[in-house]
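Heads up: the protein sequence lines correspond to chains G and B, in order. For the first sequence, position 205 matches number 206 in our numbering, and the numbering has no gaps at all. For the second sequence, position 14 matches number 853 in our numbering, and the numbering has no gaps at all. Where is the CB? At the ideal position from N, CA and C, for every residue including glycine. Please read all numbers here as calculations on a predicted model, not as lab measurements.
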Amino acid sequence: MSAPLLHVDQVGKRFGGFVALDGVNLSVAQGERLGLIGPNGSGKSTLVNCICGTLQNEDGRVTFDGRKVDGLAAHQRTILGLARSFQLPRPFHSMSVADNLRIPLLYAVKARLGPAISARELDAHCVEYLRLVSLDHKADKQPRDLTQVEMRKLELARAMAAEPKLLIADESMAGLSHSEIDDILKLLMRMNERGVTIIMIEHIMSAVMSFSQRLVVLVSGKKIADGDPQEVVRNPEVEKAYLG
Amino acid sequence: MKSRIFLIVALAVAAALFVFARLLGSEYFFFAGYVVLQFIVLATAWNILGGYCGYVNFGSAAFFAVGAYTSVFFHKAYPLPIPVLILLGGLIAGIIGLGMGYLTLRLRGAFFAIATLALAVVLQTLIVNWQYVGGSRGAYAIRPAAIDVLGVSLPYMQYLFILMLILAVGAVVIARMIERSRLGYGFATIRDDELAAEACGVPTLRLKLIATTISGALMGMAGAPFPYYITYIEPSSAFGLAYAVNSIAMPMIGGTGSWIGPLVGAILLGSIQEVARVTISSAVNLLIVGVLLVFFVIIAPNGLVGLVQNWMKAKAKS
Chain G
2 MSAPLLHVDQ VGKRFGGFVA LDGVNLSVAQ GERLGLIGPN GSGKSTLVNC
52 ICGTLQNEDG RVTFDGRKVD GLAAHQRTIL GLARSFQLPR PFHSMSVADN
102 LRIPLLYAVK ARLGPAISAR ELDAHCVEYL RLVSLDHKAD KQPRDLTQVE
152 MRKLELARAM AAEPKLLIAD ESMAGLSHSE IDDILKLLMR MNERGVTIIM
202 IEHIMSAVMS FSQRLVVLVS GKKIADGDPQ EVVRNPEVEK AYLG
Chain B
840 MKSRIFLIVA LAVAAALFVF ARLLGSEYFF FAGYVVLQFI VLATAWNILG
890 GYCGYVNFGS AAFFAVGAYT SVFFHKAYPL PIPVLILLGG LIAGIIGLGM
940 GYLTLRLRGA FFAIATLALA VVLQTLIVNW QYVGGSRGAY AIRPAAIDVL
990 GVSLPYMQYL FILMLILAVG AVVIARMIER SRLGYGFATI RDDELAAEAC
1040 GVPTLRLKLI ATTISGALMG MAGAPFPYYI TYIEPSSAFG LAYAVNSIAM
1090 PMIGGTGSWI GPLVGAILLG SIQEVARVTI SSAVNLLIVG VLLVFFVIIA
1140 PNGLVGLVQN WMKAKAKS
């Protein structure tokens, strides 16, 4: 088996006396679709923040694409190919929808490829991502003119536009209707077919179950289950964590 | 418009302004015009950090004074031509901007603003206690009545006017170039959401340091000819409240989103103040600024440029 794309080894994070992550291990293979679940406050977002560099882990190490990324700033990790979307969409309010997507292209993709990619190619990529999330008719609109689901799509598209190897979608479906959830799921599947590895963090079980090839459960900062989704949800410990 | 064409147009406007001033034949016009031009540089410089990146700098006067006192120092130590002093003032103020950035850019919002204010106080205290540049007594920078420029004898005030005119053109051209570049996009992401910017691969700290350096350097450049303009300089005039307040008020009133805002704000507010200085009293200046600032913050938070844009949008719809 080839080396995993992402390897999280004994990662720990404390906030004062509160232990948010306690020796978490996680491996994600190239091209995999991983679901990450856990009750509120179980440390899912903290783990994402530690992987992406928004927070720095105190213990353990994070290896991405064969490279130790501990201590690297978030933007450096994005340039290496590790992108994330935020749980609450954080668009750049003063820019048009198209310009929102242009930022990761200008910074992450341009920094990766250098002069090999021309301004015209970047524009073409921008249009492509707008079409992918069917926001091309709103390219010149401001984020405040978007609906909730469009905002979520913009958030995902902006993470995709960084053209990552690994995409972490942090609760990108919360508060959406069934048909909207299907939209987002299709989008993530299409990304995966393009070869992007995806970690999905979600509370909506039907979405996680249909999407994930493997499921990981975090409870109180500890990993309590990792494996086939069907088996994991039948695990007594997982049932106890969710149902009490 | 391409930057090169814009530069040519800007230089043409500047040249026309100078020719107009010469034809007017009033030495006072050069004297007052210099102040307005100086405010164009200060307001544009402030806007690079304050408007583009969203970091409010209350310490503009400190950077201006660093430029001015660099000139005072060299005036005593080793007299140099003013264009060289402008470059030196810009260099030193730029380095201080970079240093300030390193120390303070981990702070956000009001805390950053307070830190810049503190920097101004620290620097003023240093200058007050530095006897070589005059300390609290101040220093004289005696200027000749005229100077030869390319074989033409020019009254010194007109020479200073030309220098400030070139600086103003330079500052506006730089601001406009930044606005339309990758750097400008990066600055805007910092203003909107730093966490999201980092997630998109924007090196926010490095960009903020670039902004403080450019902004500080331009302010220092605006200050460098000041001792020769005023001929007697003291810490309380170089670190004057008027510089800090105007550098903020002018972009706010003009509009902080683009290079036009600070330009319009500086011309408008600077001219009103110069007119008020000779017609009413020199003390009424800051009152005018204060009243206009309050008015604009409430009525038109996006400044004059924002007002015009809204009006044009409304017109296009109807």
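The three-state reading of DSSP puts B:P1066 in helix, counting H, G and I together. Within the same chain, Cβ atoms closer than 7 Å to the Cβ of B:Y1068 are found at Y873, L999, the five residues on either side in sequence being excluded.
Cβ atoms of G:L131 and G:P144 stay farther apart than 8 Å, at about 13 Å. Taking a Cβ-Cβ cut-off of 7 Å, G:S119 has no neighbours in chain B, whose nearest Cβ is about 13 Å from it. Under the three-state reduction of DSSP, B:F870 is assigned to helix. With a cut-off of 8 Å on Cβ pairs, the stretch 1076-1091 of chain B is in contact with the stretch 888-903 of chain B, counting three or more such pairs.
Bounds of the alpha helix (DSSP H) holding B:V848 are 842-863. Taking 8 Å as the CB threshold, B:R1021 lines the interface with chain G.
Distance from B:L1057 to B:A1010 at the Cβ level is roughly 5 Å; contact confirmed, criterion being Cβ atoms closer than 8 Å. Closest option to B:I981, judged by alpha-carbon separation, among B:S1054, B:P1066, B:G1055, B:L1132: B:P1066.
Contact residues of the stretch 939-963 of chain B toward chain G are absent (C-beta to C-beta distance below 8 Å). Using a CB distance cut-off of 8 Å, G:S213 does not count as an interface residue toward chain B. Using beta-carbon distances, B:R982 does not count as an interface residue toward chain G, since no partner is under 8 Å.
Take B:R843, set aside five residues on each side of it, and no residue of its chain has a beta-carbon closer than 8 Å to its own. Here DSSP, grouped into helix, strand and coil, assigns G:T55 to coil. Per DSSP, the unbroken beta strand (DSSP E) holding B:P994 starts and ends at 991-994. Approximately 5 Å separates the beta-carbon atoms of B:A1063 and B:S910; this is inside 8 Å, confirming the contact.
Under the DSSP assignment, B:A1027 falls outside any beta strand (DSSP E), being part of the alpha helix (DSSP H) whose first and last residues are 1021-1031. Between the stretch 1025-1041 of chain B and the stretch 982-998 of chain B, the count of Cβ pairs shorter than 8 Å is below three; the stretches do not touch.
A residue is called buried when at least 16 other Cβ atoms come within 10 angstroms of its Cβ; B:R1045 does not meet this threshold and is exposed. Identification of chain B residues near G:A140 by a Cβ-Cβ cut-off of 8 Å yields none; the smallest Cβ-Cβ distance measures about 16 Å.
Closer than 8 Å to the CB of G:H76 there is at least one CB belonging to chain B. Taking the beta carbon of G:Y108 as reference, the chain B residues within 7 Å of it are G1025, C1039, G1040, V1041, listed in sequence order. With respect to the C-alpha of G:R15, the residue from G:M174, G:V110, G:S43 having the closest C-alpha is G:S43. Runs of the beta strand (DSSP E) lying entirely within the stretch 10-58 of chain G, each at least 3 residues long, are 19-29, 34-38 in chain order.
Within chain G, the residues R91, F93 have their CB atoms less than 7 Å from the CB of B:D1032, given in chain order. Non-local beta-carbon contacts of G:T47 in its own chain, meaning distances under 7 Å to residues more than five positions away in sequence, involve K14, A21, L22, L56 in chain order. For B:I966, the three-state secondary structure derived from DSSP is helix.
In terms of CA proximity to G:E129, G:A99 leads the group G:A99, G:E172, G:V220, G:D66. Less than 8 Å separates the beta-carbon of G:V197 from that of G:P165.
Annotation: Cβ neighbours of G:C53 in chain B (cutoff 8 Å, chain order): A1038. Look at G:L147 here: in three-state DSSP terms it is coil, with no helix or strand label. When secondary structure is reduced to three states using DSSP, B:I981 falls in the coil class, being assigned neither helix nor strand. Using a Cβ-Cβ cut-off of 9 Å, G:R159 is close to A1035, A1038, C1039 of chain B, given in chain order.
The alpha carbon of B:R861 has as its nearest neighbour, out of B:Q997, B:T1043, B:G1145, the alpha carbon of B:Q997. At a cut-off of 8 Å between beta carbons, G:P116 makes no contact with chain B.
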